[in-house]
Structures are given as C-alpha cells and as structure tokens.
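What follows is one structure encoded as structure tokens, with my remarks underneath.
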Amino acid sequence: MNIESNYFTLMALPQRFEVDLKVLRKNSRELQRKYHPDRFCNATPQEQRLAAQFSAQINTAASVLGNPVQRAMHLLELQGLVLDAQSYTEKDSAFLFEQMELRESLEESRDERDAKALEVLLSEVTHSFRVAQQDFSATEVGQGQVLDLPLLDGQALAALVSKMRFFEKLNEEVSVALKAL
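Residues 33 to 213 in the numbering used here are what the sequence shown spells out, letter by letter.
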C-alpha cells in the first residue's frame, strides 16, 4: 500500500479534467476489494491501520474525482495552486451581476411556488454549469499539461472554478426548491 496524494495516479486515470466515471468506479471498486480493512483482520495492527488509511484515501479519491468542482481544484493543487474558497473574491462584474439575477429568479420562483419557472431556471443553471466545466476542461490544466502558472493564469483558473462552484451550488438549491413544491 502506497499513500498517494495524486488521486489520478491512485485511480490509474489520466491526469486531466475529463474523467470516465465508469472507469473511476471500476478502479475504485477493484482497489477497495483488494485493500479493504476487512481483508487485513489477521494482519498486524500497523498493517490494519495502513489498510484503513488506504481505504479512506481510496474513498476520498473517488469522491474528489467524481465531482467536477473538486476534480478541478485537485488538478490546480497538483499544479501548486491551492484555492481558498473563503478568501477568493470574484472580480468579473458581469458574472457577479449574473449571479444576482439568477438568485433573484430563484427567490421569486420559490416565493411564488412556480414549478415551471424553477424548471426553466434549473435547465439554465445546468447548462451554465456544463459550459463552465467545458471551459475548464479546455485549459492546459484541464488537459493535464504541467504548467509554470503565472499569477494571471492562476487567477483566471480560479475564476473558472469559482463559476463552477457557484453553478453547482445553485443547481442544488434549485433542485431542493423544486422538490419542496
């Protein structure tokens, strides 16, 4: 067992944004089958601890790589760019305005209990989330290239991840609002 910080390497996947989720699930299951702590019940206590740690890391890797926002952040971390969601400030005024409009649409539709408007909003947000993912995927980092990231490139990548994070969260909120009707 080798504790690996690169989740793509651990899961035997190419280091790029586009991930074959079927292969990810298959590789995760195979690793869990091979290294699950229950298989080490007769091993030494140290081997049992390592198996538990490795199993937890497999679960974390599968979760991170299975989520587009977390996957993008992991790719950036592998490039040495760690994003702090709490301290990142969006500077794109057009996107900030779009966020306000989308949030207002959600509030109005929720207040009016307008399922049709919520469905339209969900479709729009889902589309925008896909576009943001495609934009990230098209970058050098998304294609798996190793970069010497200048500050400006890092800020542009952080902005793309910020957009993805916003659309992912709003998508969840709209879905919850629809289910509440």
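Note that the Cβ used here is the ideal one computed from N, Cα and C, for glycine as well.
Going by beta carbon distance, what residues of the same chain come within less than 8 Å of residue i, once the five residues before and after it are set aside?
i, result
"TYR67", "MET33, ALA83, PHE86, SER87 and ILE90"
"PRO46", "PHE40 and GLY176"
"VAL193", "VAL101, ALA104, MET105, LEU108, LEU115 and PHE168"
"LEU213", "ARG145, ALA147 and LEU150"
"VAL157", "LEU134, PHE199, LEU202, ASN203 and VAL206"
"LEU153", "LEU134, SER137, LEU138, SER141 and VAL206"
"ALA190", "LEU108, LEU113, LEU115 and TYR120"
What span of residues does the alpha helix (DSSP H) with residue i cover, start to end?
i, result
"HIS106", "100-110"
"MET58", "Reading off the sequence shown, one finds Lys at residue 58, where the question assumed Met. Per DSSP, LYS58 belongs to the alpha helix (DSSP H) from 53-67."
"PHE72", "First-last for PHE72: undefined, no H or E at that position."
"LYS148", "147-169"
"ASP124", "From DSSP, ASP124 is part of no alpha helix (DSSP H); its letter is neither H nor E."
"PHE40", "39-42"
Could you check if residue i is buried or exposed, using at least 16 other CB atoms within 10 Å of its CB as the buried criterion?
i, result
"HIS159", "exposed"
"LEU128", "exposed"
"PRO77", "exposed"
"SER125", "exposed"
"VAL173", "buried"
"ALA170", "exposed"
"MET196", "buried"
Is the CB of residue i under 8 Å away from at least one CB in chain B?
i, result
"SER194", "The displayed structure is made up of one protein chain only, and chain B is not part of it."
Can you name, in chain order, every residue of its own chain whose Cβ lies under 6 Å from the Cβ of residue i, other than the five neighbours on each side?
i, result
"LEU210", "LEU150"
"LEU184", "Unreliable positioning characterises LEU184 in this predicted model, as indicated by a pLDDT of 48, which lies under 50. A coordinate reading is not provided."
"GLY186", "LEU113"
If residue i and residue j are in contact, beta carbons under 8 Å, what's the gap, nearest whole angstrom?
i, j, result
"GLU62", "PHE72", "Incorrect: roughly 17 Å between the Cβ atoms, too far for contact."
- request: Say whether the segment 160-175 touches the segment 145-152, bearing in mind that this needs 3 or more beta-carbon pairs closer than 8 Å, one atom from each stretch.
  value: no
message: With a threshold of 8 Å, are at least 3 pairs of Cβ atoms found where one atom belongs to the segment 91-99 and the other to the segment 38-46?
response: Yes: the two stretches touch, three or more of their Cβ pairs being nearer than 8 Å.
task: Report yes or no: do the segment 100-111 and the segment 44-62 share at least 3 C-beta pairs separated by less than 8 Å?
output: Yes: the two stretches touch, three or more of their Cβ pairs being nearer than 8 Å.
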